[in-house]
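Written out below as structure tokens is the structure these notes cover.
In this note's numbering, the protein residues as written are 1 to 142.
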């Protein structure tokens, strides 16, 4: 039951975040002299942020360990995005897209990941299942 509840809460958060992205796009497109629509859209975005905050607190109350894992993954994803800005990837794989995401080190160790990305120079950047962002020289990966 707990797992199903958390999954439902996460789905609600995802839907709200998607709508919030749309509202942000709308906000940018509103003419600057249209104060009423700007204020209305800003209020919607603020309300959505509050809804997300409440849903996250509900996850924390339901299963604090899962909440901590989710927060670690979100922080790791942000670190991954920041690191990736200056890199040119020739290959990117995500667990969501392919259903399988891993690298294999030269010693045969398999590391399951949320994201793997190979740079032009052969180096790899990965986001682990625990939310850690790691970088590996190409020579360490099979």
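Where is the CB? At the ideal position from N, CA and C, for every residue including glycine.
Residue pairing from DSSP places residue 91 in a beta bridge opposite 118.
Distance between residue 129 and residue 50, taken at the CA atoms: about 27 Å.
Note that the C-beta distance between residue 95 and residue 114 is below 8 Å. Contact annotation: the stretch 86-93 does not touch the stretch 49-65, with fewer than three C-beta pairs closer than 8 Å. Annotated as proximal: residue 24 and residue 45, with beta-carbon spacing under 8 Å. For residue 37, the secondary structure class from DSSP, reduced to helix, strand or coil, is helix. Between the alpha carbons of residue 118 and residue 79 lies a gap of roughly 16 Å. Inter-segment contact for the stretch 72-87 and the stretch 4-18 is absent: fewer than three beta-carbon pairs are separated by less than 8 Å. Between the alpha carbons of residue 35 and residue 43 lies a gap of roughly 12 Å.
Scanning 103, 47, 67, 28 for the CA closest to the CA of residue 134 turns up 103. The Cβ atoms of residue 86 and residue 2 lie no closer than 8 Å to each other. Going by DSSP, residue 109 is part of no alpha helix (DSSP H) at all; its letter is neither H nor E.
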